[in-house]
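Below is one structure, written out as C-alpha cells; the observations come after it.
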Amino acid sequence: MTLLRPFCAAAALLVGASLVSVPALGAQRALQINGVDHRVYRTSRETTLDGRFTEPEWAQADSITDFRQKDPVEGAAGTERTVVRLLATPTGLAIGWSCYDRDAANIVRSQVRRDAELRSDDYVSMGIDGLHDKRSAFYFRSNANGAMWDGEHVDIETGNESWDGVWDVRTSITGDGYFVEMFIPWATLRYAEGDSVMGMNFRRFMPRKNEENLWRAWRRTEGLRFLEKEGIIGGLDGLPRRPRLEARPYVSGESRTAERRYFRVAGDTMLAPGASDASVGLDIKAPITNTVTADITINPDFAQAEVDRQIVNLTRFPLFFPEQRPFFTEGSAIFDFGRPREAQMFYSRRIGLGANGTPVTIPFGLRMQGRAGDRQVGFLAARSAGDQNATNAVLRVKQDLLGRGYIGAMGTFSGTTGRPASTAGGVDFFLPYIVQGGQNLIVLGNAAWSRDSAGGEVGGHYRLMVDYPNDNADIVVRYDRIDAAYDPALGFVQQRGIQRIAGNTQITPRPRRRSRLIRRYEFNLASYDLVWGITGGLDNAAFGVKPFGLQLQNGDRIDTWVRRRYDNPTETFSLFSGVNVAPAQYWWTRAEVQYAGAEARAVKVQLTASTGDFYDGRSTDLTGSLRLRRAPHVLLTLDLQRSAVELPLARFTANTARLRADYAFNPRLNATLFAQWDNQSQRASTNARVRWTVKPGSDLYVVWNSSWPTGLERPIPWERPSRGGLVAKYVYFFRA
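Residues in the sequence shown are numbered from 4 upward in steps of one, following this note's numbering.
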C-alpha cells in the first residue's frame, strides 16, 4: 500500500486537486522581524581575507546557526555545529563560515582545482538571490582547501555551472574544524537600486556521513535551489551602483606543428609547414540598468575551452555535444527552449562552427540579458566568417506567472550570404506548483515553428510535459510532435516527422525505520519512449523496468535494469566501420547492472554491464570509470567503454578510452591533461591546459592540443603528431 501512495497522490493532482503556486511557510520559517530573517553587519572597513576572522567586526556580527538536515534525517539538527556571519563592506559582501567538527582530523579535502564540483569533499555553498525575485540566483561553493566553484540558477533541478563570477575565498583548519571566508564584490551580484534585502540560503555537506544541512528549504522536496523558501537578509540599503564597465582584453599566441597525413599502408606526406599566429580581442560587460547587462565580444578566442569527448555512436541518430565556449555558456539558460538534446530551437554550437565542425572566426558578438520588472529578457547576436559568413540572432522574453512559473516567447534568425534567411519562433510555458503535503508538480510545454526561407514550408514542434518530481516518487509523462519541415537553422533536432510519447514512473521509498545501511530503495515501474512517424508506423521505442535499486547511507548505489528496444530503420545505415544495418524491424531485450561508488571514496568505481540481443545479433557492453584522489592535489579519472557486437554478417568490438589527470598546485594554479582514443575514428588526442589566476578575473592559460592517427601498419612517430598546437593566452580583468 505504501508504494501506491505516490500514484494516488499524482492521480488526485491530475484530475483537479486544488493547486497553489506559493507554499505555506509553516514551521520551517523562523520568526521574521519586519519581514527579515537576518541582518548583515555594516562596516566601513575592508576585511583581510585569511579565513581566520581576526577583525572585531566578525565578533559583533549576528550568527546564523539554525541549520537542519535534509538528509539523512529530515528536519533534525545537524550533527556538527555550523555558524555563518555576514559583513557588508564598502566593496562587497564577506561571508564567514565556522564549520565545527569533533572529528576534524577526518575532514575530507581532496580537491583544489577551480570549478571542481567538490561533491567528494566537506564543503559549504550558498545561494544569493540579489533581485529577491525567487527566480534568479548565483551559487558559490568552497571546501576546506579554499577551492572555488560557482554557477547560476536555472530551475529547482538544474543550474548553469559554466558561469564564472569574480570573487575570492580563503580558509583555515584547526582542531575544532575548518573555517571559510568568502568575499563577493557587489559588482559581481545583481540587485535593484534602492532595495535593502536579498534572498540567501546556506548549505553544508559532510561526505563521510553523507549528511546535508541547510539554513532554509531543508525538506527533501526542496533544497538550495528551492528559492521559494530562501531566507531574507536585510541591512543591504545604500549599496553602490554597478560599475560603468567591466573589460577583459586578451592577447594570445599560437604555434602549430606541421600537419602530417599518415597512410594506412606506408609513408607519410607533409601537407603544410608549421605556422604561428597572434591575436588580440576584448570582452566588455556594461550595465544597461542595475538588472540588465550587455556583453560585447570582439574577436573572441576560445582556446581555454575544453575539448569534446570522442564517442562511438552505435545508433542511427546524430550525437549532441554540449557547448563549451565561455561567451555562449554564460547566461545560456535564458535561451533554453524545447526538449534538451532532442528538439532545441537554439543550439549555440551552430554559431562559429563550420560544416565539418571546424571553428570559424567570430568577429563580433553581442548579448543582453537580465530582468526588467516582472520579465526576463535575453538577446544574442553574432557574426561568423569563414564558410558560414552568417549573421545569427536570438531574442527571448519570459513573463513571470504564478510564483516561479513563466510564459515566454523566443525567435531566431540566421542569414547566410547567398542564401535565403531562416527563421524560427514559438511560445512556451513553465508552471510549477506546490501541492498538498509540500509535493512538487510541474506542467510545461511549447509550440514552435520554423521556415528556411521567405516562401519555404513551415514546420512545427508541439510539446507538453507533466512532472511529479518528489522524494518518494518521480512520475513524468510527455508528448512531442515534430513536423518533417521543422528544422531551425540555429537549433538541434534529433528526429523529424515524428510523434513521441515518453515517461517514467520511479518509486523511491525509504525504510520505515531508519537503517544504518540503506537510505532508500528505488524501483522504476515503467520507463518508456515510443516514437512513430506522423504518417503512421512505429519508428523506434525503448522500454525499461528497474526491478530493484538501492541507495546506501554511505552514498553507494546499485541498480538493475531490464530493457526492451525496437528500431525500424527505413534506410541502410553505418553502425561501425564497414558494418551496416539493413532496413528491417528489429526487437531486442537486454539485462543491465549498475554500480556507482560514493563520492567520498578516495578510489571511486563506477561499473555498468549490459548483455543481450542487439539488432539481429547480440552484444555485451562494459563501461567502467575509476577515479583516484590523492589529497589535496591529484585527481585521476580513467573511463573505459567496450562493446563486443556479433551480427550474422559481421563481428566487431568498439572501444573508447579517456584519461583525465588534474594537478592543482593551489586554488589559483592548476594543470589538466585530457587524453582520449577510440577505434572507430582511429584517432588519439590530447588536450593539456595550465590555468593561473593572477588575480580574481585575470587568468593566464597555456594550452596544448594534438592528435595522432591509430590503426596504422607501422608505429606512429609520437614526437610528430598529425596535428598539434600550443596556445598561450592572457586575459586581464578590470572595472571602471
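Built from N, CA and C at the ideal position, the CB exists for glycine as well.
Residue i in three-state terms, based on DSSP
i, result
"P59", "helix"
"V734", "strand"
"L230", "helix"
"W189", "helix"
"I159", "coil"
"L274", "Reliability fails at L274, whose pLDDT of 38 lies under 50, so the model's placement of it is uncertain and the value that follows must be treated cautiously. If DSSP states are grouped into helix, strand and coil, L274 belongs with the strands."
"S139", "coil"
"N583", "strand"
"Q683", "coil"
"P472", "strand"
"P550", "strand"
"P246", "coil"
"G256", "strand"
"N148", "coil"
"I337", "helix"
"S351", "helix"
"Q497", "coil"
"L383", "strand"
"N507", "strand"
"N109", "helix"
"T332", "helix"
"G54", "coil"
"G154", "strand"
"L327", "In the sequence as presented, Leu is not what sits at residue 327; that position holds Gln. Q327 falls in the coil class under three-state DSSP."
"V556", "In the sequence as displayed, the identity of residue 556 is Gln instead of Val. Coil at Q556, not helix or strand."
Exposure of residue i, with buried meaning 16 or more beta-carbon neighbours within 10 Å
i, result
"E286", "Inspection of the sequence shows that residue 286 is occupied by Asp rather than by Glu. Result: buried."
"R399", "buried"
"D304", "buried"
"G421", "exposed"
"V172", "buried"
"V76", "exposed"
"N316", "exposed"
"Q2", "The first residue shown for the chain is 4 and the last is 739, placing residue 2 beyond what the model contains."
"R630", "buried"
"D339", "buried"
"V125", "It is Asp, not Val, that sits at residue 125 in the sequence shown. It is buried - the Cβ of D125 has at least 16 other Cβ atoms within 10 Å."
"M323", "Residue 323 is actually Phe in this sequence, not Met. Burial call: exposed."
Nearest-angstrom Cβ-Cβ length linking residue i and residue j, presumed shorter than 8 angstroms
i, j, result
"E595", "G552", "That pair is no contact at about 11 angstroms."
"G226", "K73", "7 angstroms"
"A427", "S453", "4 angstroms"
"G728", "S282", "Contact flag wrong, Cβ pair sits at about 13 angstroms."
"T68", "V39", "Not confirmed; about 17 angstroms, so no contact."
"A545", "D532", "5 angstroms"
Under 8 angstroms between C-beta atoms of residue i and residue j
i, j, result
"A601", "G540", "no"
"I485", "R499", "yes"
"A492", "G462", "no"
"Y44", "A306", "no"
"N148", "R112", "yes"
"N658", "D681", "yes"
"W564", "G547", "yes"
"S710", "Y735", "no"
"R523", "R513", "yes"
"A605", "R560", "no"
"T575", "R593", "no"
"F143", "W166", "no"
"Q313", "S684", "yes"
"A107", "R88", "no"
"A346", "Q509", "no"
"P132", "L239", "This sequence places Asp at residue 132; Pro is not what is there. The answer is no: Cβ separation not under 8 angstroms."
"A603", "R211", "yes"
Identified DSSP bridge partners for residue i
i, result
"I301", "L285 and F367"
"L89", "I98"
"H464", "A451 and I485"
"K698", "S701"
"D311", "None, per the DSSP bridge assignment."
"K73", "In the DSSP output, where bridge partners are listed per residue, K73 has none listed."
"L434", "V446"
"P423", "DSSP output for P423 lists no bridge partner at all."
"D403", "Y409"
"R661", "D642 and Q679"
"Q502", "R484 and W535"
"L134", "Paired residues: none, contrary to the question."
Beta carbon proximity, residue i to chain B, threshold 8 angstroms
i, result
"V315", "Of the chains in the structure shown, none is chain B; there is only one protein chain."
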